[in-house]
Amino acid sequence: MSIDDITPEEWDQQIDNKATNRQVGGDHYKKLKITPTDYVYANGLSWNLGNVVKYVTRNKDDVIKDLLKAKHYIDLELEMVHGVDAEGKVIGPYRIETKV
Numbered sequence: 002m003s004i005d006d007i008t009p010e011e012w013d014q015q016i017d018n019k020a021t022n023r024q025v026g027g028d029h030y031k032k033l034k035i036t037p038t039d040y041v042y043a044n045g046l047s048w049n050l051g052n053v054v055k056y057v058t059r060n061k062d063d064v065i066k067d068l069l070k071a072k073h074y075i076d077l078e079l080e081m082v083h084g085v086d087a088e089g090k091v092i093g094p095y096r097i098e099t100k101v
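Set out below in structure tokens:
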């Protein structure tokens with residue numbers, strides 16, 4: 002679809018409907034200069050590091066809880082990707098344990 006095919010109002014509606022232009026549950030991320038989603042995607046970060054970015058940029062009431070969540074994802078990244086524990090001690094490669 003081209004901008005020439007629809008009215009300006011219809012074009013605006015198309016833009017507003019994009020998932021990247023809306024936020025569910027508030028606007029605390031939309032107020033930032035760059036959203037955590039855009040930052041994570043642009044920098045190719047892993048799931049764990051993406052969650053670190055998300056939790057350290059939130060502006061919620063329970064800052065301590067969010068920082069502990071971010072720390073947990075850092076620990077997961079260390080263990081799953083780098084094979085070390087939270088103190089940097091080698092624990093070996095990460096293996097997924099499936100439940101049957």
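Each residue of the sequence shown is one higher than the one before, counting from 2 in the working numbering. Just so it is clear, CB atoms sit at the ideal spot from N, CA and C, and this is done for glycine as well.
Which word fits residue i, buried or exposed, when buried means at least 16 other C-beta atoms lie within 10 angstroms of its C-beta?
i: Arg-96; result: exposed
i: Lys-55; result: buried
i: Ala-71; result: buried
i: Pro-9; result: exposed
i: Val-101; result: exposed
i: Val-41; result: buried
For residue i and residue j, what's the separation of their Cα atoms in angstroms?
i: Tyr-74; j: Val-53; result: 6 Å
i: Arg-59; j: Asp-6; result: 39 Å
i: Lys-34; j: Gly-45; result: 18 Å
i: Val-85; j: Val-91; result: 4 Å
Quick one: measure Cβ to Cβ for residue i and residue j, integer angstroms, because I've assumed they're closer than 8 Å.
i: Tyr-30; j: Thr-36; result: 5 Å
Next item on the list: Report yes or no: do the region 76-96 and the region 44-53 share at least 3 C-beta pairs separated by less than 8 Å?
Entry: These segments touch.
Check: Could you give the uninterrupted runs of the beta strand (DSSP E) lying entirely in the region 8-85, keeping only those of 3 residues or more?
Finding: none
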